[in-house]
Structures are given as structure tokens and as C-alpha cells.
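S.K.:
Number of protein chains: 2
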Amino acid sequence: MVTKTESLKAFLGQVIHGDCLEIMRQVPDEAVDLVFADPPYNLQLQNELIRPNQTKVDAVDDDWDKFESFGDYDEFSLAWLGECHRLLKPNGTIWVIGTYHNVYRLGKHLQDLGFWILNDIVWVKDNPMPNFRGVRFTNAHEILIWAVKDKSRKDYTFNYKEMKELNKGKQMRSDWYFPLCTGRERLKDDSGKKLHNTQKPLALLERVIMASTKEGDLVFDPFCGTGTTGVAAKMYGRNYILVDNDERYVKAARHRIDEACHRAQRG
Amino acid sequence: MVTKTESLKAFLGQVIHGDCLEIMRQVPDEAVDLVFADPPYNLQLQNELIRPNQTKVDAVDDDWDKFESFGDYDEFSLAWLGECHRLLKPNGTIWVIGTYHNVYRLGKHLQDLGFWILNDIVWVKDNPMPNFRGVRFTNAHEILIWAVKDKSRKDYTFNYKEMKELNKGKQMRSDWYFPLCTGRERLKDDSGKKLHNTQKPLALLERVIMASTKEGDLVFDPFCGTGTTGVAAKMYGRNYILVDNDERYVKAARHRIDEACHRAQRG
DNA sequence: GTGTAGTTTGAATCCTACG
DNA sequence: GCGTAGGATTCAAACTACA
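Chain order of the listed sequences is Y and E. Taken in order, the first sequence gives residues 151 to 417; the numbers are from the working numbering. Taken in order, the second sequence gives residues 151 to 417; the numbers are from the working numbering.
1) Do E/Ala-403 and E/Gly-420 count as a contact pair if the criterion is CB distance below 8 Å?
2) Can you give me the C-alpha to C-alpha distance between Y/Trp-266 and Y/Asp-340, rounded to a whole angstrom?
3) I believe Y/Leu-268 touches Y/His-235 by the beta-carbon criterion, under 8 Å. Please report the beta-carbon distance rounded to the nearest angstrom.
4) At which residues does the beta strand (DSSP E) containing E/Ala-297 begin and terminate?
5) Could you tell me whether any Cβ in chain Y is nearer than 8 Å to the Cβ of E/Asn-269?
6) Closest Cβ-Cβ distance between Y/Ala-187 and chain E: below 8 Å?
7) Can you give the Cα-Cα distance for Y/Lys-338 and Y/Gly-377, rounded to whole angstroms?
8) If you draw a straight line from the C-alpha of E/His-167 to the C-alpha of E/Leu-355, how long is it?
9) Is the Cβ of E/Asp-262 closer than 8 Å to any Cβ of chain Y?
10) Are the Cβ atoms of Y/Tyr-254 and E/Tyr-306 separated by less than 8 Å?
11) Give me whichever residues DSSP pairs with E/Phe-282 in a beta bridge.
12) Give the secondary structure of Y/Lys-350 by DSSP, where H, G and I count as helix, E and B as strand, and everything else as coil.
13) By the criterion of Cβ-Cβ separation under 9 Å, what are the contact partners of Y/Ile-295 in chain E?
14) Sort E/Gln-196, E/Trp-273 and E/Asp-169 by Cα distance to E/Arg-226 and report the nearest one.
15) Determine the direct distance from the alpha carbon of Y/Leu-294 to that of Y/Ile-200, and round the result to whole angstroms.
16) For Y/Asp-276, name the three-state secondary structure that DSSP assigns.
17) Taking 7 Å as the cut-off, is the beta-carbon of E/Leu-193 closer than that to any non-hydrogen atom of the ligand ATP?
18) Give me the Cα-Cα distance between Y/Val-182 and Y/Thr-153, rounded to the nearest whole angstrom.
19) Pick helix, strand or coil for Y/His-167, following the three-state DSSP scheme.
20) Using 10 angstroms around the beta-carbon of E/Val-285, count the other beta-carbons present and answer buried if the total reaches 16, otherwise exposed.
21) Output the distance between the C-alpha atoms of Y/Gly-257 and E/Ile-247, rounded to the nearest integer angstrom.
22) If I measure Cβ to Cβ from Y/Lys-427 and keep anything under 8 Å in the same chain, skipping five residues before and after, which residues do I get?
23) Does E/Pro-432 come within less than 8 Å of chain Y when only Cβ atoms are used?
24) Roughly how many whole angstroms lie between the Cα atoms of E/Tyr-223 and Y/Trp-230?
25) Please decide whether Y/Met-322 counts as near chain E, where near means a Cβ-Cβ distance under 8 Å.
26) Smallest Cα separation from E/Pro-329: which of E/Gly-375, E/Phe-308 and E/Met-279?
27) Between which residues of its own chain and E/Val-207 is the CB-CB distance below 8 Å, once the five residues before and five after are set aside?
28) Enumerate, from N- to C-terminal direction, the unbroken alpha helix (DSSP H) stretches of 4 or more residues contained entirely within the stretch 159–235 of chain E.
29) What's the C-alpha gap between Y/Asn-317 and Y/Tyr-327?
30) E/Phe-373 and E/Leu-237 - do their beta-carbons sit closer together than 8 Å?
31) Just verifying my parser: in three-state terms, what is the DSSP assignment at E/Asp-367?
32) Go to E/Thr-243, then tell me how far its beta strand (DSSP E) extends in each direction, as first and last residue.
33) Starting from E/Asp-394, trace the alpha helix (DSSP H) both ways and give me its first and last residue.
34) Within 8 Å of any Cβ in chain E, is that where the Cβ of Y/Ser-386 sits?
35) Using a Cβ cut-off of 8 Å (strictly closer), state whether Y/Asn-241 contacts chain E.
36) Given a cut-off of 8 Å on the beta-carbon distance, is the pair Y/Met-360 and Y/Glu-312 in contact?
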């Protein structure tokens, strides 16, 4: 039988293909310094699309359908956030990123699970997608919530001085400005199309890692996608465990982290 | 007996002193075009905060911001948001402003009540209060959620062109930049101290009103404070009903709106 | 009136080590 | 758990005082 502690050692520095809940359950209590999570927010839509025999989706009573869908999303969110709470050290912190579709639900769940919010951060996009039909404001930002597991712990890691230096000698604020992930940084598949729909810019993850971890800390990412969190962790000498349930992303992430590592050794 | 419709007429253009739930219950169904709500934030401050120069920060310690628990806050929030849902027209919209202390809970409640989020807006503050102890990021923004009552209604008011003109010919984005409400705009009491701890800048309300109402629309504000919503509504020829449970604020709001009206006639 | 220096202040979940 | 001493900690804008 493999104990949780043995699993942990086998997981260190790995990109693991599998269901994040199943993997997380193999991680011991209070073993992780930082969680970064970029969860899916379109479960509702997926559910509606794959539901069989549902010929008139538009005719379904909206309120009931919405409640059902939000309920599923909440159940899923509470499950993985609850596991994150368990596997974090008491002074460990978690970052969750989302948009208005899901981030309000996630924020309330974080609070209900006992996490204590330290900040919310606005990632303002230099180059957002315009609102083509002109019926709303251009959605030009995403929100990150940063929270500590145990409210009473004041010794969470926040590298205040490094952040201040990064910001021209002034305190780093809650508004961050980065362009979307495009160009050479954006991973492509064999046919040249974007490999992942929501690849985050490396600069965003660099700031997260620099701000809230120390060298040698263990970073966990349950929805790693193309592994941006792993690249940032590796660059700054942090350990990591990444998980994704899509094998294409896992392969891409492994390759990408190796590349980043080799580039770092050469350069 | 006074019917709801008669109450409505008596309420138009008024700043009403009373419990917002009691007042709202006297408003007929689907009578309101826009709700703007700046509810208590449930800040849960732990200790007093001393600046580096040893002076004390004048923090929000008002009774109206005291709640026993998240549960109490949720119960209160669902009650007033539910009333807002009832009194809004199906294509009416609601704005709610908050910070990470409360806005995630409010956002989830909005969704659970059937509101459909159109945008979230980030008010980035030019001159926020610094983080004096250097233990977090400077909290430099607040969040506004904009939602329509009925998801299926696409005919909510959004003055796309006016917003575009305001933004130098480019689509108005979800990041808005305004300074805090200070100086002459900030209302003072007889002793010269700030009358309200959280007075919002008029420019913020002007943009809200300009973006999401037409001339003659009815705007409702259940936590009007010093009446910034009323001033903006009056300036742009919108009707309004404002409510606050603190008589000092109500008096100040009435006086302020009259002043603004007279200034407009003179100027 | 003008320019400069000093003061005030803002929705804040704002410390740590030791006894 | 508590009390206390020690030590590190702030940005921009508006306002006031004064030359």
C-alpha cells in the first residue's frame, strides 16, 4: 500500500494526468504552501450541451435550469476547494482566478470554507476582446482572490519588499496590468491553432509566485492546463505538483516545463 | 388604505427615512428601471490601525456595518436583493458595489435570485489608502456588479454610443478610474468632520446613470447615504426614490439634492 | 494673486516575539 | 490563551499656512 506521504514524494515536480479530486485525496494534510487554481467556469454550458434528448434547450424554464446548473457547479467547487483547504498548511495561501461567470460563487465558497481573504486582485488586460455587438461594456479584466487557510495565522508568505521594488519603489497595488497571452508565448497544436482556450500569461503567474512563496515551497495547481504555474515555479526554484484531466494539456505542460528548464540552464 | 401605486407616487423624487425593506414593500411590482445599491460591507475590522506617523486611522466603525456572522449578512442581503428583484421591471437592471469583504456573497446571491450578470466593473482608485503595515497589496479598487432582472430580456438600457464618446471614441471598458470622494465634494458635519464614512464620488454615479438609464427613468437606491445617486439622477433628468435609515444622512441628502438643483438652474 | 512646503486623510478584514 | 515591549511601516490628492 502506498501511503499519502509516499505519494507526495512521487508527485513532486510532476504534471499528473487525472481527476484533480482523486489526485488531491492522495496528498497528505497540510503539505502544500500555495495553491493556484484556474478552474473551468463553463460547466453549466457543457452540461446543457451534452444533455441527451434535450431538443428545446431554449424552452426550458430558465430559473430552474439555472439553479440546477449553478448547483452542480457549486458542488464541484466546494469539493475541490475543500480538498485544497485540507492539503494546505495553516499559513498556506490559495489563489483562485475567474470572471463574473464564476468568481462570485468561488469567493463565497472560499469564505464559507473558512478561508480568510487577504486581497482580491484585478488583472486588467491591455488588449481585451472587444464587445462586438455593443450591448455591454468591454470585459477587460479578470479577478484573482488571494486567501489564507487559517485566519489567525499572520505568518503567511508575502514578499512585500520584492513587490515594492517591482513597482518602482511603491507598494504593489491590487490592480495589475498584463497583456493577454499571445504570440510566441501562446502554445499551438499541430495544426497551428491555440492549444488551450484560456492560457494565462506567464507574467501573471510569475507575480503570483514571487509575491506569495519562498524558495523551495510546494505549489499545487489542480487545473494546470498548459503548465504556466509549473514554468513560473521552476523559474523561481519552487517545487510543484500540477494536475489536469486532459492528456493533451499534460503532455504539452511537461514538454513546456522541460524547455523552460533547459533554456534557463543555457541562458 | 394607501395602495402601493399611491405610495409610489408619493415616493417619487423623495429621500425617505426608514428601513429599506419596509419602504420597498410599499413599492409596486415592476415599477423601477434601475436600482443602485451600496450596502454595508461587513468589514469585520479586528483592531485599530495606526499609521506610521502614529496617528490613528478613522475607520468604519458604524453600527450599520455590524453583523454577527456571514449567515446574518446573507439573510439581510437576500431580503433586500429579493425586494429589488420584485420591484424592478423585467428589463430593469441593478448595480451593486462592494469590496472583497462582501461582494462575492452579493454576486452569488444575485445569481441565485435569478439576476443575470451583464458586467462587473472595477473602480480603480487613483488615490487609495496605502497598506500601512506592508502585509498585503494596497487595496486600490472596488467592484460593481451590473445585472439584468430577466436573463431573456435583451432590451435593457445600455447607452453604448454615449459611453463610447465618453471614452474617446473607443468602447467603454470594465475598468473605470476615479479618485476618492474628497475635498469640497465630501460632505462634512457641523464640526467639520466627514459626515459619512463611505461617500461615493459623484463621477462614479454619473457614469452609472448615464450608461444604464434613459431620461425619465425611475432610479431606486435603498442605501442612499448622502444622496449621491439622487444628485446624479436629478442632473440627468431621471426620477428617483432614495432610502436611508439614518436621519442625519437623509437630511443631508435632501439638502444636497436641492443645492445641486439650484446650482444647475443658476449655471 | 502665486508658489512652496507642510499637513491631513481615505470602506482596512494591516505585526511579532517573548514571557 | 493574554499582555507588553520592540520594531517596522505610507501614497496621492486636497487643503492650509505662509512667504
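We put the beta carbon where it would ideally sit given N, CA and C, even for glycine. The model shown is predicted, which means the values in this text are computed figures rather than measured ones.
M.R.: Working from what's here:
1) Chain E is shown from 151 up to 417; residue 420 of chain E falls before or after that span and cannot be answered.
2) In this model, Y/Trp-266 and Y/Asp-340 are separated by some 43 Å (Cα to Cα).
3) By a beta-carbon distance limit of 8 Å, Y/Leu-268 does not contact Y/His-235. Their separation comes to about 15 Å.
4) Here the beta strand (DSSP E) through E/Ala-297 covers 291–298.
5) Cβ-Cβ to chain Y under 8 Å: yes for E/Asn-269.
6) The C-beta of Y/Ala-187 comes no closer than 8 Å to any C-beta of chain E.
7) Using only the alpha carbons, I get a separation of about 14 Å.
8) C-alpha separation (whole angstroms): 21 Å.
9) Contact with chain Y is found for E/Asp-262, since one of that chain's Cβ atoms lies less than 8 Å from the residue's Cβ.
10) Inclusion of Y/Tyr-254 and E/Tyr-306 in the CB contact set at 8 Å is not warranted, their separation being larger than that value.
11) According to DSSP, E/Phe-282 bridges with nothing at all.
12) DSSP places Y/Lys-350 outside both helix and strand once states are collapsed to three, so it counts as coil.
13) Those are Tyr-250 and Tyr-254, listed as they occur along chain E.
14) Sequence check: residue 226 of chain E is Phe here, not Arg. For the residues E/Gln-196, E/Trp-273 and E/Asp-169, the minimum Cα distance to E/Phe-226 belongs to E/Asp-169.
15) Per-residue confidence for Y/Ile-200 stands at a pLDDT of 42, beneath the threshold of 50, marking its modelled position as unreliable; the derived number appears in the next sentence. One C-alpha to the other measures close to 30 Å.
16) Coil, per DSSP.
17) The ligand ATP is absent from the structure shown, which contains no ligand whatsoever.
18) Their backbone Cα atoms lie some 17 Å apart in a straight line.
19) Looking at Y/His-167 - three-state DSSP - the assignment turns out to be strand.
20) Exposed, by the Cβ-count rule.
21) The straight-line gap from Cα to Cα measures roughly 15 Å.
22) Because chain Y in this structure spans residues 151 to 417, residue 427 of chain Y falls outside the shown range and cannot be described.
23) The shown model of chain E, from 151 to 417, leaves out residue 432 of chain E, and the question about it has no answer.
24) Roughly 25 Å between the two C-alpha positions.
25) For Y/Met-322, the answer is yes, since a Cβ of chain E falls inside 8 Å of its Cβ.
26) For E/Pro-329, the nearest C-alpha among the options comes from E/Met-279.
27) Non-local beta-carbon contacts of E/Val-207 in its own chain, meaning distances under 8 Å to residues more than five positions away in sequence, involve Glu-198, Leu-199, Ile-200, Arg-201, Met-279 and Phe-282 in chain order.
28) Here the runs fully enclosed are 170–174.
29) Distance between the alpha carbons of Y/Asn-317 and Y/Tyr-327 is about 11 Å.
30) Going by C-beta atoms, E/Leu-237 is not nearer than 8 Å to E/Phe-373.
31) Residue state, collapsed to three classes: coil.
32) Its beta strand (DSSP E) spans residues 238–248.
33) Where E/Asp-394 is concerned, there is no enclosing alpha helix (DSSP H), although the beta strand (DSSP E) it sits in stretches over 389–394.
34) The identity of residue 386 of chain Y in the sequence shown is Tyr, whereas the question assumes Ser. Proximity of Y/Tyr-386 to chain E, defined by a Cβ-Cβ separation below 8 Å, is not satisfied.
35) Y/Asn-241 does not count as touching chain E.
36) Against a cut-off of 8 Å, the Cβ pair of Y/Glu-312 and Y/Met-360 comes out as a contact.
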